[in-house]
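Undergrad: Here you go, one structure.
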Amino acid sequence: MSDLLNLIIGQGEHFRRARLPSLYSDFTLQRYSNPDGFAANTAAWIDALTKAARAGLLPSDGADRDTLSLRTGENLLRSLETKEWGRPLALRTVIDEAVSQRNMIPYQEFVAARKSIHSRNWTVQPWWLFTWGLKQLRLLDSSTGAGPLPLASFVILPNVEEAASMIVSQMGSHRNQIDRTYPMSMFSTEAGRILKSQNGLTKSDLHLILTYLARDKSNIIYDAETVKFKAVGETSSTLSIQDKTIASLKMLIADLSTQVAVLTTRISTLSESAQKAINNKNRTSALAALRSKKVSETALTGRSETLAQLEEVYGKIEQAADQVAILRVMEASTGVLRNLHAQVGGIDRVEDIIEGLRDEMGKVDEIGGAIEAGPQRDSVIDESAVAEELESLEKQTSIRDEEKGARQTQERLAIITKNKESQQERKDDPLELSSDDRAPDPPIKEVIGC
């Protein structure tokens, strides 16, 4: 099974084995008889084709695989064919549904659009017109999707949006204008690295990304050689000479850096070759290798000096760009401060406000002092009344103590009386007398003879 089929059939819930007969059947009529089943099948196929394109597994005319678009036709049907279920019979219906949902857009319509595809006034027509024309010619049956799949290219909008978002977040987030300007080749290489494209961006993918970022998102300005990410709030629509110069300088530095690396590797290789020739007693080969080494060393010296000069110029440009940015911020800050000072009204107004504030704060203190002092002047304590209340409390306490003592005395007398009565009862009892009238036991000291 091909990588494409492994990816699609390995999607789990959408393409589980029990659903494959339905997914590969002509389910076009289910649009009316079973809308839920129709929606589930079309959604599964649209999602599968989107992921397959993103993975670079859809067939293409050349060796390069596009990730942002797909091409319908016999090659696509053949790549999706299986021994058990054959070809997907409703694939044309799936493409129609994807176009109606704006998951896919006819390639030429996308590229030729002057307005943003997100505009409410923008509509997709060519695919529908083409299908309608075939129906009028009775080449297509509206009740089935099993007819021949027309040859056409479609932009996969979710893939374009995702790719654009990743590129902007990593390449367009720099604050410095220099870092946001790229030569076209460097932009293509870096974008391919971000999107993890093994062979870099194809021409089609690069064209779609540039179109979408410039027209639909207004993130970039570009021409055939330069790409510049706009700063926040920037409204310019054309590249300046400064932008193009920066891009050219970056390209020269990148080319010279590559040449320096190649020459360095070549010099090392020639040194090894010369050493091997000497070890093999091959003087002629050793001399040839050393001569080539000297030529490479001379070229390396020249390239390195030029590269150092260009890098110095690039550093100065970066410094100047930073200074321009700082001056713009300072200029804007000056305007803000001037506006704020105008709202303040000058130093005289400030002094008047502060003086008035002091007066009002003084009034608050005066009012507070009057409130605190007022009750103290009006309240006079009657000392004689306080003394009388104290004497009354002392008398009440003394009476409570006397009553408590009397109760305790009565309780003790009751206990004594009760004990005497108990003793009298024991005397009257003969058994108690026989035991109680016995002579008491001698003291312990007498028993032990002490």
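Following UniProt numbering, the numbering of the sequence shown begins with 1 at its first residue and continues without gaps. Just so you know, even glycine gets a beta-carbon here, dropped at the ideal spot from N, CA and C.
(1) Which residues mark the beginning and the end of the alpha helix (DSSP H) in which R31 is found?
(2) In or out: D243 buried (at least 16 other Cβ within 10 Å) or exposed?
(3) Name the DSSP beta bridge partners of G117, please?
(4) Could you round the C-beta distance between E190 and M171 to whole angstroms and report it? I think they count as a contact, below 8 Å.
(5) With distance defined between alpha-carbon atoms, name the residue in M186, D96, I8 nearest to R31.
(6) Alpha carbon to alpha carbon, how far is H14 from L5? Give it in angstroms, no decimals.
(7) Could you check what DSSP says for P158 in three-state terms: helix, strand or coil?
(8) For L357, which three-state DSSP category applies?
(9) Given that a residue counts as buried once 16 or more other Cβ atoms are within 10 Å of its Cβ, and exposed if not, what is S142?
(10) Given this structure, state the Cα-to-Cα distance separating T197 from V329, to the nearest angstrom.
(11) Measure the Cβ-Cβ separation of S69 and L208 and say whether it is below 8 Å.
(12) Just how far apart, CA to CA, sit I178 and E318?
(13) How about A152 and T72: are their beta carbons less than 8 Å apart?
(14) By Cβ distance below 8 Å, which residues in the same chain neighbour D322 in space, the five residues on each side in sequence not counted?
(15) How is F110 classed by DSSP in three states: helix, strand or coil?
(16) If I follow the unbroken beta strand (DSSP E) through V227, where does it start and stop?
(17) Assign Y212 to one of three DSSP states: helix, strand, or coil.
(18) Where do the ends of the alpha helix (DSSP H) carrying R193 lie?
(19) At which residues does the beta strand (DSSP E) containing R175 begin and terminate?
(20) Could you give the distance in angstroms between the alpha-carbon of G133 and the alpha-carbon of S237?
(21) Using a Cβ-Cβ cutoff of less than 7 Å, which residues in the same chain neighbour N199 once the five nearest sequence positions on both sides are dropped?
(22) So R17 is in the alpha helix (DSSP H); what residue range does that whole segment cover?
(23) Is the beta carbon of I253 less than 8 Å from the beta carbon of Y314?
(24) Could you pull out every residue in the same chain whose Cβ sits closer than 8 Å to the Cβ of I267, ignoring the five residues on either side in sequence?
(25) For A342, is the classification buried or exposed, using 16 other Cβ atoms within 10 angstroms of its Cβ as the cut-off for buried?
(26) With DSSP collapsed to three states, give me the class of L70.
(27) With a threshold of 6 Å on Cβ separation, who are the neighbours of W128 within its own chain once the five nearest residues in sequence on each side are excluded?
(28) Grab the span of the alpha helix (DSSP H) containing Y222 for me, first residue to last.
(29) If you run the structure through DSSP and keep just helix, strand and coil, what is G86?
(30) According to DSSP, what are the bridge partners of T181?
(31) Evaluate D382 with the Cβ neighbour count: other Cβ atoms within 10 Å of its Cβ, from every protein chain shown; 16 or more gives buried, anything less gives exposed.
TA: Considering the structure as presented:
(1) 30-33
(2) buried
(3) Just to set this straight, residue 117 is Ile in the shown sequence, not Gly. BP columns for I117 are empty, so no partner.
(4) 6 Å
(5) The candidate whose alpha carbon is nearest that of R31 is D96.
(6) Roughly 14 Å separates the two Cα atoms.
(7) In the structure shown, the three-state DSSP call for P158 is helix.
(8) helix
(9) Caution is warranted here: a pLDDT of 49 is assigned to S142, below 50, making its placement in the model unreliable, and the coordinate value is therefore given only provisionally. Flag for S142 reads exposed.
(10) Per the sequence shown, residue 197 should be read as Ser rather than Thr. In a straight line, the C-alpha of S197 is about 39 Å away from that of V329.
(11) yes
(12) 6 Å
(13) yes
(14) N176
(15) Under the three-state reduction of DSSP output, F110 falls in the helix class.
(16) 226-229
(17) Three-state DSSP puts Y212 in a helix.
(18) 184-194
(19) Neither: R175 is in no beta strand (DSSP E) and is coded neither H nor E.
(20) Confidence at G133 is low in this model, with a pLDDT of 44, below 50, so its placement is unreliable and no value can be given for it.
(21) D64
(22) It is not in any alpha helix (DSSP H) - R17 carries neither H nor E in the DSSP assignment.
(23) yes
(24) K293, S296, E297, L300
(25) Answer is exposed; the Cβ neighbour count stays below 16.
(26) strand
(27) Confidence at W128 is low in this model, with a pLDDT of 44, below 50, so its placement is unreliable and no value can be given for it.
(28) In the DSSP annotation of this structure, Y222 is not part of any alpha helix (DSSP H); the continuous beta strand (DSSP E) holding it starts and ends at 220-222.
(29) In this structure, G86 counts as strand in the three-state DSSP scheme.
(30) Note: T181 sits in a beta bridge opposite K228.
(31) exposed
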